[in-house]
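J.: Each protein sequence line maps, in turn, to chains Y and H.
For the first sequence, my numbering gives the first residue as 1, with consecutive numbering after it.
For the second sequence, my numbering gives the first residue as 1, with consecutive numbering after it.
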Amino acid sequence: MRAFKDTMIITQRQLRLLTRVPEVLIFSTIQPVMFVLLFRYVFGGSISTDQPGGYVQLLMPGIFVQTVAFTLAGTASGLAEDMKKGLIDRFRSLPISQLALIMGRTLGDSLLNIVVLAVMGIAGYLVGWRPTSGLLSVVIGFVFLLLFGYALSWVGIFVGLSASDARVVQNVSFIITFPLTFLSNAFAPTTGMPRALQYFAEWNPVSTMVAGCRDLFGLENQFGATAGSFPSENPLLTSFLYMIIIMAIFIPLSVRKYKRASD
Amino acid sequence: MKSVIAEDLVKTYRNGAVRALDHLSLDVEEGTVLSVLGPNGAGKTTCVRILATLLKPDSGRAMVGGIDVIKHPEKVREVIGLSGQYAAVDEILTGWDNLVMFGQLYHLGKKASIARAEELLERFSLTDSAKRPIKTYSGGMRRRLDLAASLIVKPKVLFLDEPTTGLDPRGRQEMWSVIEELVKGGVTLLLTTQYLEEADQLADEIAVIDHGKVIARGTSDALKKQVGGERLEIVVESQNIAKAMEVVASVSGNKASLDEGLRMISAPVSTGATALIETLRSLDAAGIHPLDVGLKRPSLDDVFLSLTGHAAEEKSEEVEVTGRRKKAKK
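1) Quick one: give me the first and last residue of the beta strand (DSSP E) that LEU9(H) is part of.
2) Mapping DSSP to helix, strand and coil, what is PHE182(Y)?
3) Where does GLU221(H) land, buried or exposed, given buried means 16+ other C-beta within 10 angstroms?
4) Say whether chain Y places a C-beta atom closer than 7 Å to the C-beta of GLU317(H).
5) Rounded to a whole number of angstroms, what is the C-alpha to C-alpha distance between VAL64(H) and GLY212(H)?
6) Say whether the stretch 74–85 of chain H touches the stretch 147–167 of chain H, bearing in mind that this needs 3 or more beta-carbon pairs closer than 8 Å, one atom from each stretch.
7) Quick check: the Cα distance between ILE209(H) and ASP6(Y), rounded to an integer number of angstroms?
8) Using three-state DSSP, classify GLY62(Y) as helix, strand or coil.
9) With C-beta atoms as the reference, is THR188(H) less than 7 Å away from VAL236(H)?
10) Does chain H have any CB closer than 7 Å to the CB of ARG167(Y)?
11) Check whether chain H comes within 7 Å of LEU87(Y), counting only Cβ atoms and requiring the distance to be less than that.
12) Give every residue of the same chain whose Cβ lies closer than 7 Å to the Cβ of VAL21(Y), excluding the five residues on either side of it in the sequence, and list them in chain order.
13) Between the alpha carbons of ALA151(Y) and PHE187(Y), how many angstroms are there, rounded?
14) Near LYS327(H), which residues of its chain fall below 6 Å by C-beta distance, leaving aside the five closest residues on each side in sequence?
15) Comparing the C-beta of PRO194(Y) with each C-beta of chain H, is any distance below 7 Å?
16) Run the proximity test for VAL100(H): is its beta-carbon closer than 6 Å to any non-hydrogen atom belonging to the ligand NAP?
17) Report, in whole angstroms, the separation of the C-beta atoms of LEU258(H) and ILE277(H), which I expect to be a contact under 8 Å.
18) What runs of the alpha helix (DSSP H), each 4 residues or longer, lie entirely inside the stretch 11–47 of chain Y?
19) Would you call GLU1(Y) buried or exposed, if buried means 16 or more other Cβ atoms sit within 10 Å of its Cβ?
20) Check for me: the beta strand (DSSP E) holding PHE144(Y) runs from which residue to which?
21) Please work out which residues of its chain come closer than 8 Å, Cβ to Cβ, to GLY186(H), disregarding the five sequence neighbours upstream and downstream, and give them in chain order.
22) What residues are listed by DSSP as bridge partners for ILE265(H)?
23) Would you say the stretch 116–126 of chain Y touches the stretch 30–38 of chain Y, given that touching needs at least three Cβ pairs under 8 Å?
24) Cβ of VAL155(Y) within 7 Å of Cβ of PHE240(Y)?
25) Using DSSP's beta-bridge definition, name the partner residues of GLY294(H).
26) Any chance you could list the beta strand (DSSP E) runs of at least 3 consecutive residues sitting entirely within the stretch 55–137 of chain H, in chain order?
27) Can you tell which of GLY54(Y), GLN14(Y), TYR55(Y) has the C-alpha that lies nearest to the C-alpha of LEU107(Y)?
28) Quick one: measure Cβ to Cβ for GLY44(Y) and VAL56(Y), integer angstroms, because I've assumed they're closer than 8 Å.
29) Checking 7 Å against the spacing of the C-beta atoms, do SER184(Y) and ALA201(Y) come in under that value?
30) How many Å lie between ILE102(Y) and ALA163(Y) at the Cα?
31) Is ALA211(Y) near PRO189(Y), with beta carbons less than 7 Å apart?
32) So THR208(Y) and GLN66(Y) are supposed to be a Cβ contact under 8 Å. How far apart are they, rounded?
33) If you drop the 5 nearest sequence neighbours on each side, which residues of the same chain put their C-beta closer than 7 Å to that of ARG325(H)?
34) Would you list the residues sitting across from GLU29(H) in a DSSP beta bridge?
35) Measuring CA to CA, which of GLU205(H), GLU233(H), GLY109(H), GLU174(H) is closest to ARG142(H)?
36) Counting C-beta neighbours from all protein chains within 10 Å, is the total for SER113(H) 16 or more, i.e. buried, or is it exposed?
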C-alpha cells in the first residue's frame with residue numbers, strides 16, 4: 001500500500017512535467033507529426049498501395065508505434081539526468097519504497113504517452129487517417145500501444161541506469177530504436193528488403209505491433225513479408241508475447257541494477 | 001549519547017584497487033556538530049553515503065540515531081536528513097512542488113506537506129521564488145532549497161556533504177548563517193567540507209581525514225595547539241631575502257621557509273613575542289627594514305599541512321570522486 005502511494009507520488013511528478021514544461025510535450029509530438037507530414041506527402045505518393053483511403057491509413061499505425069517506441073529514450077535520458085543531478089540519492093535516502101522511483105517513472109512516462117498519442121491521432125485525422133473498425137477496436141489498439149510503451153520504458157530504465165552520461169543515453173536509445181522502427185513494416189513494404197532483413201523485419205516487435213494495430217484499425221496488413229508466417233498471421237498475440245518477454249527480462253534486470261547502484 | 005557512530009568502516013572500489021575508506025572510525029555526540037575535514041578524495045563523501053544508507057561498507061559497523069545502518073537502513077532513513085554536494089532537487093519543478101513532493105514522500109499527507117513546505121520556504125527566504133522552477137534559482141538558493149528538503153521531518157541527524165562547495169562567497173555566507181541557525185536549534189549535524197574556514201566556523205569538533213582514515217580530531221583550538229606554537233612571518237625587500245632567512249633561522253632555531261611571490265619568510269617559533277623582538281633587533285643590526293612583520297597563531301591550513309604533508313584544498317586525488325560517480329551511474 002505504502003509502495004503504491006509512493007509510486008503514485010513519483011508518477012505525479014512525471015506528469016507534472018506536462019504542466020511545468022509544456023515544451024516537453026511539444027517536442028515529443030513535433031517529431032512524430034513531422035514524420036506524419038514527411039511520409040504522407042513526400043514518400044506517400046511514390047509508395048503504391050491499393051489500400052482504400054490511401055497510404056496514410058497504413059502509415060499512421062507505424063507512426064504510433066514509432067512514437068511509443070521513443071518512450072525508451074525519454075525514460076532513459078530522464079533517469080540518467082536524475083542520477084547526474086543526485087536526485088536519485090535524495091530519493092534513496094527517504095523512507096520510501098526503494099522501487100517507487102523507477103516504478104513511478106515507467107508509469108508516468110507511459111501515461112504521458114496518452115497525451116502524445118491523442119495529439120498524434122488528431123494530426124493523423126487532419127491528414128486523412130480514418131480507422132474503419134469502430135470505437136472499441138480503436139481504443140483497444142491504443143491500449144496496446146500504451147502497453148508497448150510501458151514495456152519499453154523498462155528497457156529505458158535499464159539503459160538509463162547502465163550508461164554513464166545523459167548524452168550517451170540519448171545515443172544508445174536511438175541506436176536501439178531507430179533500426180527497430182525502420183527495419184520494419186512501419187513505413188514501407190518489407191518485400192523490397194534483402195532476404196535476411198525481411199526475416200528480421202517480420203519478427204521485429206515493431207512490425208508485429210504495427211501489423212496488430214493495422215488489424216485493430218480495420219486494415220489488411222499489407223506490408224508484411226511472408227504470408228503465412230507466425231508473426232504475420234498472429235501479430236497481436238506475438239506482440240503480446242514480446243511485451244511479456246521484454247518485461248520479464250528488463251524489470252528484474254533494472255530492479256537489480258537499481259538496488260546495486262549503491263554498492 | 002552518541003547520535004552517530006562509525007566503527008572501522010572499510011570501503012574499496014574497483015575490486016579493492018581504490019581504498020576509499022580505510023578503517024575509518026568517528027562519532028558525533030547528540031546535539032553537536034562534527035565537521036569532517038579533508039581534501040578531495042579523502043573519503044568524506046563515501047563516509048556520508050554509508051551513514052546515510054546509500055552505500056554499503058565492505059566491513060565495519062555504523063549506527064545512526066541508535067539504529068544499525070547496515071541492518072535497518074529503512075529505519076535510519078526515517079530519522080536522517082541528507083543534503084549533498086549537488087543540489088538534489090527537481091530542476092523542472094518549482095521550489096514549492098519539490099518540497100510538497102518530498103513532504104508527501106515522507107508520508108506527511110497532502111495538507112501537512114503543503115503547510116510544512118510553506119513554513120520552510122519562509123524560513124529559508126525562498127517564499128518569493130516558491131512558484132518558479134528551480135532552474136531559475138541561483139546556486140545559493142538551490143542549496144537552501146535542498147537543505148530545506150532535508151529538514152522536512154525535523155531529522156534527528158542531519159548530514160551535509162560539502163554544503164558550500166561551488167558557491168560564491170555570498171552564497172557561502174548565506175548557507176553558513178542558515179546552518180548556524182539550525183545548529184542553534186540543537187540539531188545533530190555531520191558536515192563534510194574541504195574548507196578549513198567552514199569547519200572552524202560551524203563545528204564543535206573537527207575530524208581531519210585523509211586517505212580514508214581519521215588522522216586527527218578535536219576542537220579547532222586543540223588541533224591548532226597540536227601543530228605547536230606560533231609562526232613568525234616577515235616580509236622584506238627582494239635583495240634582503242637571503243640575509244633575513246639566516247636571521248629568522250638562527251632566532252627560531254627552525255628552518256625558515258620562503259614564499260617568493262609575497263617575499264614572506266616564515267618559521268615556527270616557541271618563544272612568541274621574544275622571538276619577534278630578537279628578530280627585529282638582528283635585522284636592524286644588519287640594516288634591514290622589514291616591510292611587514294607579525295606573529296601568527298596557526299590556522300587550520302597549517303594544521304592540515306603539518307598533519308598530512310599537503311595542503312587541504314589541493315586536488316591531488318580525484319580517485320574517490322570519480323570512483324563514486326562511476327558507481328552511482330552504474
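For every residue, glycine included, the Cβ atom is placed at its ideal position computed from N, Cα and C.
T.: Quick look at the numbers:
1) 2–13
2) helix
3) Looking at the sequence provided, one finds Asp at residue 221(H) rather than Glu. Classification of ASP221(H): exposed, given that the 10 Å Cβ count is below 16.
4) Because the pLDDT of GLU317(H) is 40, which lies under 50, any placement of that residue in the model is unreliable, and the number read from its coordinates should be weighed accordingly. No, its Cβ sits nowhere closer than 7 Å to a Cβ of chain Y.
5) 20 Å
6) yes
7) 38 Å
8) helix
9) no
10) no
11) yes
12) none
13) 22 Å
14) The predicted position of LYS327(H) is uncertain, since its pLDDT is 40 and thus under 50; no value can be drawn from it.
15) no
16) With respect to the ligand NAP, the structure offers nothing, as it holds no ligand at all.
17) Between ILE277(H) and LEU258(H) the Cβ distance is about 22 Å, and since that is not below 8 Å, they are no contact.
18) 22–38
19) Before going further, note that residue 1(Y) is Met rather than Glu in the sequence given. Label assigned to MET1(Y): exposed.
20) Unbroken run through PHE144(Y) is the alpha helix (DSSP H), 135–162; no beta strand (DSSP E).
21) GLY31
22) ILE234(H), LEU258(H)
23) yes
24) no
25) GLU233(H)
26) 59–64, 80–83
27) GLN14(Y)
28) 7 Å
29) yes
30) 16 Å
31) no
32) Rounded, the Cβ-Cβ distance is 14 Å, inconsistent with contact.
33) Annotation note: pLDDT 40 at ARG325(H) (below 50); position unreliable, coordinate value reported separately. Excluding positions up to five away in sequence, the list is empty.
34) LYS2(H)
35) GLU174(H)
36) buried
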